[in-house]
Structures are given as structure tokens and as C-alpha cells.
Amino acid sequence: MKNLMSILKILFLNHARGLSYTATMTLLLCYCLHPARFASHYPFIKTENIYGEMERSYPPRDNSCVISVSGRRSSQLFYPEEYPREDPVVMARRLGILPGGQWKPLNCHPLFNVAIILPYRHRQSQLAIFMNYIHPFLQSQNLDYRIFVIEQSPMREFNRAKLFNVGYAEATKINDFHCFIFQDIDLIPQNPNNIYACTKMPRHMSSSVNTFRYNLPYTGLFGGAIALTRKQFERVNGFSNVFYGWGGEDDDFYSRLQSRGFQITRFGPDVAQYYMLTHKKEPPSTTRFANLESGARRYDTDGLSNLEYRVLNHQLRPLYSWILADV
Amino acid sequence: MTVWERLRNPCGWRAGAKQISVDAMLPLLAVPILAVIAAQAFLCTVLVFLVTPVLVYYMHHNFLRFLLRTKFFLMWTITSVLMMMLVFEISVVPLMEILPEENLVFMVCVVGGMWCGYKTKLNADASIQENAGAVDIQSLELGNGSGELCATCRRRTPPKAHHCRLCQTCILNREYHCKWLDCCVGSSNLRWYVSCLFFSAIAFIYGSNLTMTSVCHPFILIGTILLPDDCSDVYHQLDIALCFVSALYSLFVGLVLFCYLMYHLRLLYIGTTSNERRLDMKNQSDYRIINVSQLFCCKT
């Protein structure tokens, strides 16, 4: 009897061991293959539909500019010149750029009227690389554009979101822009099909950045480079003003858009490639999660409606309008 | 059950206390420590990668080869594979830059490599036991009558069998004794061994590429194939640096495995075994290359 018991026990233990191994392996495998841990595929506007999805700033005329969205493959990606030698003044004269970084096509009527807002601080070399690259890029798309660089005075931590609001407010004082592009200075669009103008819905432009292996980390990402029409931006009351330090403001802006019923769009991974200029990562801000959590209560009160800032300096430089603001 | 007994007997209830020797435990500590040291700065990485092979060779030459069948190299393999898997799943994947299908391909290769390695070991052991059994002894002894007498086994062996000092038996079509898997490679498990080389070479090189392009600044080579071009800022964070170090390590391992795979495919194509080639070379008294490769890998 004792023998039998021991045999049974051994059998049971044997079985339990196998079972526990199987269970552990299955759990491990499920964890390892769980899709939420990976970059995601996302819905996007097909390359042939891009032209139809664009929101035009001016009604089309018979001599309107042609926007050529060709099915060129991604093998012909552009890369920025790392050490631009050309003097900005010479470059502006060569490309016919007006002071303040303004340009519009002369031989045809542009379809899009775009303000490009770039928040900036201490990135002298990146600014030079960006400006050297972006003007020919935008000109090839026949846009009516102007570039604003909003620099924050050195008093407080960097507030990217509020600088966007400032840029928006200052740009609207100058001209009645129809479309706004809010973009970081270290992102270089590599594909000429990535039209720098607005779509019918707010668009996340930098969905395929090289530092993310040209993948989109998560579908709720709305940072980097984004394009909104003026109406859309006013509808969501702009960015939140409270996000000092790195991080959080883009997720907050995404939930603002969601709360107003906007569905964001993207171009495909074969169009929206970006090249990120290298820089040291900043440590994330500690208050970002608290600000994110309380975000929903501030959609109406915090943003363009309570924007307060001081313009310390405003210059029309050869390749861009430079605004130094105290926020 | 005391802690020490538990430690000696980690595999559970019934296995009985197994004495785990110091030389087998050493890699469990050494590999992670070396990885962490290497992750401190670029210079440390270079130093560790240069010093470790020398150190291991020195240890082998002076201590390990006097121990009969040390588990040091097997444990080194297991620890390395586990460490690289952990680094990949814990540090690289949460960067959310890898697509699910890329991970799936990688995991299939890893599991395939592990499985084939396991089968290699299993079949090698099986063949030894078979050889010990009566049936095979007969066939071995009688084998065509043309066999030579193995001095150590004291029995007649088929023409292409060779004696392995470590396995203490004669192995049919013996290639060599693979230290890293701690078993002999012969005709009974050569196919598993080659597929293990194949899968693990792919897994190591592909995993290395995935990790490198995640932590570094990548560029597009052709189509969707990425290569890293600027890895200057990986040493600011320890976990990123660990990813980089393990990627570098797995790249080296993958390349060595790839060379071995090519070597074996060529031998299979010619229809010979490395053991015979080696003996031929010895006869020609030109085996300097073998000595170099002994430093790297399996042959004894």
C-alpha cells in the first residue's frame, strides 16, 4: 500500500512538473509574442489618394500649381547635408526667399498656404542643417509658406507646447494662414511625396522616423511633426500651456483632439519617412503624468484662451522669422 | 531542505542531489558581470571583448582540460543565450520599435536553434548508450571485419569511427567534440548539429541587427533592410549600453557560427569529416590553423 502510494505520488509529481513546465512556457510565449509590446501597423492614406485628401487653402484655378505625388519608391530617400556651407543670405537670394523665410511660387497659383512653426533652443547646428534642407524641399512642392522659429528665453524649462501656441498667435497676426505645421527642428522629411500641407483631418506627419526603425511605436503617438488647419487648431483650443520639461504634451494634445471628435490621419510608411538629427536625450519631466491626468479638466480653460507671453525680440532673418518669447 | 541543498538540487523533487561543480557555476556569474563591465564605456567594451577569449583560453589550458568533461562551456552557452534573450525581451522590445512579425521570426529561429541543440545533445548521448548496448557492440565489433582495433575501447570499430577521449567511446563519423554543447558530433547527430548552427546563426545575426538598429541611429540599406550607422550615444544609459553590448556579442557569435555552418556544408559536399581532415593535415605536419581554431571553438 505504501508502495502504491509512493508510486502514485511520483506519478502525480511527474505529471505536475510537466504541466507546470507547459503552463510556464505557454505564459512566457504569450508574453513574448503579445502585440502590445511592439511597434504597430497603422491605417493610412494610400499614396494615390493623398491628392484628394488634401485640404486646399485657395480654390483651384486653371493656372494652379501641380502637386505631383508620384509613386516613387522609398529607395530614393533624401538625406540632409550635415555641414551646410552656404551662407543663409546667399541661399535666400539664390532661392528667391523673402526676408522672414517667406516664399511662394511665381509661375503658378499655389494651392496651400502654410505656416511652419518650429520651437527652438540651443540647437544652432541643427537649425542650420534644417533650414538648408527644408527650403528646397518646400519649394519643390509649390507651397505658399513661411517659417517661424520660436525661441524660448533662457529663464524656465523648455515648454514646447506653449511655444507652438505662441508661434500660432504670432503667425496669425502677420498673415491669415490656413494651415499650420508644428514640427521639431531635428526632424527632416525624407520623401518628397510627404506634402507639407493640411489634410481634412489633423495629420500626424512623422509616423515613420528612422530612430524608431521607420516604425510607429504606438497609434496614439502624435508628436514630432503634425499638420492642422487653423479651424481645427482653434477648435481644440491649441496646446496646453502647462507642460514644462520633456514629454507629455503630445499625448495631451492627442486626447484633446479625441475629445473634440477628430480622427487623426497619417500617410503610409512608404511616404512619411523622417530622418532625426542626433542629439542627447533629455531626462523626462517628472510632472508630465500629473499634468496628463488632469488634462481633461483643462481642455477649455488651458490653451489658446489663456495664452500669456511676452515677445522679447522679433527679427526677419534671411531664412526664417525669429521670435524670442518669454513664456 | 536547506538552501544549499536547494541550490545543489535546483531541478525539483525527484532528481536527487546533484553536485554542481564550481567550474560549471562560474559562467553564471562571469557572463553577466563581464556584460555589465563592458557596458560602462566604449573602451571597456573593447577591452572585455579582447580579454575574455584570452582569459577563457587560459583557464581552459591550465585548469579545465584536466577536469573530465567540464560543464563550463555548456553553461557558458546556456548563460549567454539566456542573457541575450532576456536583454532582448526586457530592454529592446519595450522600446516599441520592433514589429510583431520581426519578433516572431526571431523567436522561431531562437526556439528552433535551442531545440536542435537539445536534440544534438540527446542523440549524441543516445548513440553512446547504444554503443554500450549489446546490439551495437556486435555490429561495431563485427563491422565488416575491416575495422581497426580501438586501443582504448578494446574493441573493433567500423572504418570511419574514431575514439573521443571525453565521451570515452568511439563515435561513428566523428567530427569533433563540441565543447559548447558538451557532446560529440558524429553521424548520429550531425544533421541536428548543422540545423542548430543554421538556426542559431540566423537568430544571433538577426537579433543583433534588430537590437543595433533599435538602440542606434539606423539608415535604410535596401528596401526594408536597416543597418546602424551612428552608435555614439548608447553608453549614456546602462540598459541601452547592455543592449548594445549583447548585440555586439551576438553578432560575433553569429558570424563564428555562420563560418562553422559554411565549413560543415563544405565538408558534407566533399563527403568527409573534420576529424579526417585534421588527421590528414597532421600527417602533412601543417596544422597551425587548427591551433588557432582550437582557441575559438569546439575541437579537441
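Residue numbers (the UniProt record's numbering), protein chains in the order written: chain A, 1 to 327; chain B, 1 to 300.
Ideal Cβ positions, reconstructed from N, Cα and C, are used throughout, including at glycine.
Every value quoted in this text rests on a predicted model; they were computed, and no experiment measured them.
Stretch pair the stretch 55-67 of chain B + the stretch 100-108 of chain B: three plus CB contacts closer than 8 angstroms: Contact annotation: the stretch 55-67 of chain B does not touch the stretch 100-108 of chain B, with fewer than three C-beta pairs closer than 8 angstroms.
Minimum Cβ-Cβ distance from V93 of chain B to chain A less than 7 angstroms: Locating residue 93 of chain B in the second sequence gives position 93, counting from the first residue. At a cut-off of 7 angstroms between beta-carbon atoms, V93 of chain B makes contact with chain A.
Under 8 angstroms from the C-beta of Y218 of chain A: neighbouring residues of chain B: Locating residue 218 of chain A in the first sequence gives position 218, where the first residue counts as 1. Contacts between Y218 of chain A and chain B, judged by CB atoms closer than 8 angstroms, involve M96 in chain order.
Nearest residue (CA-CA) to M114 of chain B, options B:M96, B:T79 and B:L99: Taking the second sequence and counting its residues from 1, one reaches residue 114 of chain B at position 114. Distance from the Cα of M114 of chain B is smallest, within the candidate group B:M96, B:T79 and B:L99, for B:T79.
Beta carbon of D184 of chain A nearer than 7 angstroms to that of G224 of chain A: Residue numbering aside, residue 184 of chain A sits at position 184 when the first sequence is read from its first letter. Residue numbering aside, residue 224 of chain A sits at position 224 when the first sequence is read from its first letter. In this structure, D184 of chain A places its C-beta atom within 7 angstroms of the C-beta atom of G224 of chain A.
Short CB-CB distance (under 7 angstroms) between L190 of chain B and chain A: As a first step, residue 190 of chain B must be located in the second sequence, where it is residue number 190. Not closer than 7 angstroms to any Cβ of chain A, the Cβ of L190 of chain B fails to qualify, so no.
6 angstroms Cβ shell around I50 of chain A - same chain, five flanking residues per side excluded: Within the first sequence, the letter at position 50 stands for residue 50 of chain A. Excluding sequence neighbours, I50 of chain A sits near V69.
Where the stretch 31-55 of chain A meets chain B: residues whose CB sits under 7 angstroms from a CB there: Residues passing the 7 angstroms Cβ filter: C32, L33, P35, R37, F38 and A39.
Pairwise C-alpha distance: R37 of chain A and A23 of chain A: To locate residue 23 of chain A, count along the first sequence from 1; it is residue 23. To locate residue 37 of chain A, count along the first sequence from 1; it is residue 37. About 21 angstroms.
Chain-ordered residues of the stretch 129-152 of chain A with a beta carbon less than 7 angstroms from chain B: Of all residues in the stretch 129-152 of chain A, none comes within less than 7 angstroms of chain B when Cβ atoms are compared.
Distance, A325 of chain A Cα to F158 of chain A Cα: The residue labelled residue 158 of chain A in the question sits at position 158 within the first sequence. The residue labelled residue 325 of chain A in the question sits at position 325 within the first sequence. Going from the Cα of F158 of chain A to the Cα of A325 of chain A covers about 12 angstroms.
Chain B residues whose Cβ lies nearer than 7 angstroms to that of F212 of chain A: Your numbering for residue 212 of chain A matches position 212 in the first sequence. E97, listed in chain order.
Assigned exposure category for M1 of chain A - 16 Cβ within 10 Å defines buried: Taking the first sequence and counting its residues from 1, the one referred to as residue 1 of chain A is at position 1. Exposed: under 16 other Cβ atoms inside 10 Å.
Chain-ordered chain A contacts of M107 of chain B [CB-CB under 9 angstroms]: What you label residue 107 of chain B is simply residue 107 of the second sequence in a count that begins at 1. Simply L29, C32 and L33.
Residue from B:F42, B:T77, B:A41 and B:L99 with nearest C-alpha to S214 of chain B: In the second sequence, the residue the question calls residue 214 of chain B occupies position 214. Comparing Cα-Cα distances from S214 of chain B to each of B:F42, B:T77, B:A41 and B:L99, the minimum goes to B:L99.
Per-residue contacts from N77 of chain A into chain B (C-beta, under 7 angstroms): Locating residue 77 of chain A in the first sequence gives position 77, counting from the first residue. One point to set straight first is that residue 77 of chain A is Leu, not Asn, in the sequence displayed. The answer, in chain order, is I220.
Simplified DSSP state of F148 of chain A, which is helix, strand or coil: Stepping through the first sequence from its first residue, residue 148 of chain A is reached at position 148. Correct three-state label for F148 of chain A: strand.
Secondary structure of P80 of chain A, DSSP reduced to three states: Locating residue 80 of chain A in the first sequence gives position 80, where the first residue counts as 1. Correct three-state label for P80 of chain A: coil.
With 16 other Cβ atoms within 10 Å as the buried cut-off, status of D144 of chain A: As a first step, residue 144 of chain A is located in the first sequence; it is residue number 144 there, counting from the start. It is buried - the Cβ of D144 of chain A has at least 16 other Cβ atoms within 10 Å.
Helix, strand or coil at L127 of chain A according to DSSP, with G and I counted as helix: Residue numbering aside, residue 127 of chain A sits at position 127 when the first sequence is read from its first letter. It is helical.
Chain A within 7 angstroms of H163 of chain B, Cβ atoms only: Here residue 163 of chain B refers to the residue found at position 163 of the second sequence. No, its Cβ sits nowhere closer than 7 angstroms to a Cβ of chain A.
Limits of the unbroken alpha helix (DSSP H) element including F42 of chain B: Within the second sequence, residue 42 of chain B is the residue found at index 42, counting from 1. Counting along the chain, the unbroken alpha helix (DSSP H) around F42 of chain B starts and ends at F42 to N62.
Contact set for Q138 of chain B: own chain, Cβ-Cβ below 6 angstroms, skip 5 residues either direction: As a first step, residue 138 of chain B must be located in the second sequence, where it is residue number 138. Confidence is the limiting factor: at Q138 of chain B the pLDDT is only 46, short of 50, which leaves the residue's position unreliable, though a coordinate-based value still follows. Excluding positions up to five away in sequence, the list is empty.
Assigned secondary structure, S40 of chain A (DSSP; H/G/I helix, E/B strand, else coil): Locating residue 40 of chain A in the first sequence gives position 40, counting from the first residue. Per DSSP, reduced to three states, the secondary structure at S40 of chain A is strand.
Terminal residues of the alpha helix (DSSP H) in which L118 of chain A lies: Counting from 1 along the first sequence, the entry for residue 118 of chain A is found at position 118. Annotation: L118 of chain A is outside any alpha helix (DSSP H); the continuous beta strand (DSSP E) that includes it extends over N113 to Y120.
Boundaries of the alpha helix (DSSP H) in which R160 of chain A is found, first to last residue: Within the first sequence, the letter at position 160 stands for residue 160 of chain A. Counting along the chain, the alpha helix (DSSP H) containing R160 of chain A begins and ends at R160 to I174.
V81 of chain B - containing alpha helix (DSSP H), residue span: In the second sequence, residue 81 of chain B corresponds to position 81, counting from 1. It spans F72 to V87 - the alpha helix (DSSP H) in which V81 of chain B sits, taken as one unbroken run.
Cβ-based burial, H314 of chain A [other Cβ within 10 Å; buried from 16]: By one-based count along the first sequence, residue 314 of chain A stands at place 314. H314 of chain A should be labelled exposed.
Cα-Cα separation between I49 of chain B and L43 of chain B, rounded to whole angstroms: Along the second sequence, read from residue 1 onward, the residue named residue 49 of chain B stands at position 49. Along the second sequence, read from residue 1 onward, the residue named residue 43 of chain B stands at position 43. One detail in the question is off: residue 49 of chain B reads as Phe in this sequence, not Ile. Their Cα atoms are separated by approximately 10 angstroms.
contact_flag[the stretch 148-167 of chain A, the stretch 223-240 of chain A] where n(CB pairs < 8 angstroms) is 3 or more: Between the stretch 148-167 of chain A and the stretch 223-240 of chain A there are three or more inter-stretch CB-CB distances shorter than 8 angstroms, so the stretches are counted as touching.
Burial state of I289 of chain B (16 or more Cβ within 10 Å): Walking along the second sequence from the start, residue 289 of chain B turns up at place 289. Residue placement at I289 of chain B is poorly supported in this model, since its pLDDT is 48, which falls under 50; the coordinates are not used for a value here.
Contacting residues, own chain, Cβ-Cβ under 8 angstroms from N123 of chain B (five flanking each side not counted): Against the second sequence, residue 123 of chain B aligns to sequence position 123. So the list reads S188, N189 and W192, once near-sequence residues are dropped.
7 angstroms Cβ cutoff, N215 of chain A in contact with chain B: If you number the first sequence from 1, residue 215 of chain A lands on position 215. Yes, because at least one Cβ of chain B sits closer than 7 angstroms to the Cβ of N215 of chain A.
contact_flag[the stretch 102-109 of chain A, the stretch 131-145 of chain A] where n(CB pairs < 8 angstroms) is 3 or more: Touching, per the Cβ criterion.
Through-space distance from S255 of chain A to N291 of chain A, alpha-carbon basis: Taking the first residue of the first sequence as 1, we reach residue 291 of chain A at position 291. Taking the first residue of the first sequence as 1, we reach residue 255 of chain A at position 255. Our two residues, N291 of chain A and S255 of chain A, have alpha carbons roughly 12 angstroms apart in a direct line.
Nonlocal neighbours in the same chain, by C-beta distance under 7 angstroms from C196 of chain B, ignoring five residues either side: Within the second sequence, numbered from 1, the residue matching residue 196 of chain B stands at position 196. Closer than 7 angstroms at the Cβ level, and outside the excluded window around C196 of chain B, lie G113, C116, G117 and T120.
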